[in-house]
Amino acid sequence: MELGLEGKSVVITGGTRGIGLASASAFLEEGASVVIAARKDDELAATKERLSGKGRVLTFRFDALDYRSFYDLADYAASALGTIDVWVNNVGASHPKSSGDEYTEDDLRWTEAMCFESAVHGAQAAFRYMKDHGGAIVNISSLAARVGTAGRSTIYGPLKAAVRLLSANQAAEYAAYGIRVNCVMPGFTMTETVQRSVSDSDKALVEERTLIRRMARPEEIAYPIVFLSSDKASYITGAALEVSGGRDIVLNPMYSYEKSGLL
Ligand SMILES: NC(=O)c1ccc[n+]([C@@H]2O[C@H](COP(=O)([O-])OP(=O)(O)OC[C@H]3O[C@@H](n4cnc5c(N)ncnc54)[C@H](OP(=O)(O)O)[C@@H]3O)[C@@H](O)[C@H]2O)c1
């Protein structure tokens, strides 16, 4: 299926690792040009080198905790690539303290900026360059927006739920300009960051409660992001696509495995 992304200009926040990196790679495979934004110069340079054989990759150093960075990123991408067609608000993270510790005001501000405000400023920055010709924005939410997890997602989950509703509101605000806004809700995804912190009990829980009995590979989140950004998703806007392998959708997820004797 031809996705129609050849020659399109794509911006991905937080694109040097994990889901952002896998998305950058997938967009390049479709012939798009990609601007990857993150904080660390060395990782930006290494990512550029790693991906440049696949197509046109540019990098931009930015910090999601400084809202002005989003507008600088948009200015840079539009001047380097001529315009912006696709913007992926991928940056986001749960606070390292997210295991039941007491949150300070600074911790809360940090989590809000990373998980929610990044999607507000990212979309507003993209809109400046999309409003004349249309485009697609994809916000990365989380399975934690649908199912609560005390401790790890006490603050992160509600903010990701806000991103889900924000996406619908942005879709409504930008519809008249030919801009579609959608949201992807990944389940547990085996990024390098997750690999470092995941416990055996996390893995066992994923196995027990997910229809596809494993964590996602980053590219399995990237492909839905690329599809939603493409012309083939031209009638999809304001949608939230959960990509969780069927995690916590029924009370007896192992039913077919047990019945078939395949467990
Ligand atoms: N992995 C999962 O299991 C999972 C599940 C559900 C949802 N998600 C969501 O998916 C998105 C991507 O997660 P991921 O696990 O792929 O992340 P990741 O592997 O930890 O990568 C994070 C990326 O963001 C950049 N970054 C971090 N802090 C930044 C900041 N302050 N300013 C600019 N860039 C920053 C990092 O580069 P630098 O450090 O160089 O800045 C890196 O490129 C996030 O929104 C996350 O909440 C992930």
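Counting in our numbering, the sequence shown runs from 817 upward without gaps.
Ideal placement from N, C-alpha and C gives every residue a C-beta, glycine not left out.
How about residue i: is its Cβ closer than 6 Å to a heavy atom in ligand 1?
| i | result |
| --- | --- |
| Leu881 | yes |
| Val1066 | no |
| Val907 | yes |
| Pro1040 | no |
| Gly1061 | no |
| Ile828 | no |
| Thr1026 | no |
| Ser958 | yes |
| Ile971 | no |
| Thr965 | no |
| Glu859 | yes |
| Phe1004 | yes |
| Gly871 | no |
| Leu836 | Reading off the sequence, residue 836 comes out as Gly, not Leu. Indeed, a heavy atom of ligand 1 lies less than 6 Å from the Cβ. |
| Val1010 | yes |
| Thr875 | no |
| Thr1007 | yes |
| Ala832 | In the sequence on display, residue 832 carries Thr and not Ala. Yes - ligand 1 has a heavy atom lying nearer than 6 Å to the Cβ of Thr832. |
Starting from residue i, trace the alpha helix (DSSP H) in both directions and tell me its first and last residue.
| i | result |
| --- | --- |
| Val775 | One cannot answer for residue 775 here, as it falls past the ends of the chain, which runs 817 to 1079. |
| Thr927 | 921–928 |
| Gly938 | 934–946 |
| Leu1021 | 1016–1025 |
| Val1010 | 1008–1013 |
| Lys1075 | 1071–1076 |
How is the beta strand (DSSP E) around residue i delimited, first residue to last?
| i | result |
| --- | --- |
| Val997 | 995–1002 |
| Ala1038 | Looking at the DSSP string, Ala1038 is not in any beta strand (DSSP E); the run it does join, the alpha helix (DSSP H), is 1034–1045. |
| Glu918 | Here Glu918 belongs to no beta strand (DSSP E), and DSSP marks it neither H nor E. |
| Val902 | 902–905 |
| Glu818 | Neither: Glu818 is in no beta strand (DSSP E) and is coded neither H nor E. |
| Val954 | 951–956 |
| Leu959 | Per DSSP, Leu959 belongs to no beta strand (DSSP E) and is neither H nor E. |
| Ala1055 | It is not in any beta strand (DSSP E) - Ala1055 carries neither H nor E in the DSSP assignment. |
Report all residues from its chain with a CB closer than 6 Å to the CB of residue i; omit the five preceding and five following residues, and keep chain order.
| i | result |
| --- | --- |
| Arg996 | Ala952, Thr1053 |
| Ala838 | Pro1034, Glu1035, Ala1038 |
| Glu1066 | The sequence given here places Val at residue 1066; Glu does not occur at that position. Around Val1066: no qualifying Cβ. |
| Leu874 | Val851, Ala896 |
| Gln986 | Ala939, Val997 |
| Asp1047 | Gly820 |
| Gly830 | Gly836, Ala854, Asn906, Val907 |
| Arg980 | Ser957, Ala961, Cys999, Ala1056 |
| His937 | Tyr883, Phe886 |
| Phe878 | Ala853, Ser885, Leu889 |
| Tyr993 | Lys947 |
| Val963 | Asp1064 |
| Ser1126 | Outside the shown range of the chain (817 to 1079) lies residue 1126, about which nothing can therefore be said. |
Determine, for residue i, whether the minimum Cβ-Cβ distance to residues of chain B falls below 7 Å.
| i | result |
| --- | --- |
| Ser1015 | In the displayed structure, chain B is absent; only one protein chain is listed. |
Tell me whether residue i counts as near ligand 2, meaning its Cβ is closer than 6 Å to at least one heavy atom of that ligand.
| i | result |
| --- | --- |
| Arg855 | Ligand 2 is absent from the structure shown, which contains only ligand 1. |
Considering only residues of the same chain and omitting the five flanking positions on each side of residue i, which have a CB-CB separation below 7 Å?
| i | result |
| --- | --- |
| Gly847 | Leu821, Glu822, Gly823, Gly871 |
| Phe843 | Leu821, Val826, Val850, Val1042 |
Leaving aside the five residues before and after residue i along the sequence, list all residues of the same chain whose C-beta is less than 8 Å from its C-beta, in chain order.
| i | result |
| --- | --- |
| Leu1079 | Met1070, Tyr1073 |
| Ser841 | Leu867, Lys870, Glu1035, Ala1038 |
| Glu928 | Leu975 |
| Leu881 | Trp926, Ala929, Met930 |
| Arg1025 | Arg1063, Asp1064, Pro1069 |
| Val1059 | Val1000, Met1001, Pro1002, Gly1003, Ala1032, Glu1036, Ile1037, Pro1040 |
Legend entry - alpha helix (DSSP H) runs wholly inside the region 822–884, at least 4 long, in chain order: 834–845, 857–867
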